[in-house]
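Oh and the sequence shown: position 69 is 69 in our numbering, straight run, nothing missing. Take a look at the structure set out below.
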Amino acid sequence: MSGQYWAVIGLLALAAFAIRVTGLIAGGRIRASRHAWVLDELPGLIVVSLVASSLAGQPPATWLAAGIAVGVAIGTNHVIATMALGMAAFAGLGWLGV
Numbered sequence: 001m002s003g004q005y006w007a008v009i010g011l012l013a014l015a016a017f018a019i020r021v022t023g024l025i026a027g028g029r030i031r032a033s034r035h036a037w038v039l040d041e042l043p044g045l046i047v048v049s050l051v052a053s054s055l056a057g058q059p060p061a062t063w064l065a066a067g068i069a070v071g072v073a074i075g076t077n078h079v080i081a082t083m084a085l086g087m088a089a090f091a092g093l094g095w096l097g098v
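So, in structure tokens, the structure goes:
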């Protein structure tokens, strides 16, 4: 490997470390502020953003299956039931040709 590759690897390692340290500092400051509630809601918000971005451009059957999964999640608050019924809805809608 040439020196250029090692320089890029070192720069990326330094950037990754800086991002983590910045996150620790920002998280500590947020915990001490009146906006601490945001950190409690963050995992759910991340999941919702990932699911919403994956639904973009999908056919209506996928949206309907996702809606059924959301309904099951709200009704049961059970992760396995939500996944099972969401998958069953998606498979059933595909089988019906929706």
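For glycine and all other residues, C-beta sits at the position ideal for the given N, C-alpha and C.
Reference alanine 89, options Asn77, Ser2, Thr76 and Val70, closest by Cα: Nearest of Asn77, Ser2, Thr76 and Val70 to alanine 89, Cα basis: Val70.
Can you give me the start and stop residues for the alpha helix (DSSP H) that serine 54 sits inside? Note, serine 54: alpha helix (DSSP H), 37-55.
Under the three-state DSSP convention, the category alanine 16 falls into: Three-state result, alanine 16: helix.
Leaving aside the five residues before and after valine 38 along the sequence, list all residues of the same chain whose C-beta is less than 8 Å from its C-beta, in chain order. Excluding positions up to five away in sequence, the list reads Ile30.
Is there contact between the region 40-56 and the region 73-88, where contact requires at least three CB pairs shorter than 8 Å? Output reads no: the region 73-88 does not touch the region 40-56.
Would glycine 94 and alanine 61 be called neighbours here (beta carbons separated by less than 8 Å)? By the CB criterion at 8 Å, glycine 94 and alanine 61 fall inside the cutoff.
Distance, Cα to Cα, alanine 52 vs isoleucine 19? Approximately 25 Å, taken between the alpha carbons.
Could you spell out where the alpha helix (DSSP H) holding valine 72 opens and where it closes? Counting along the chain, the unbroken alpha helix (DSSP H) around valine 72 starts and ends at 60-76.
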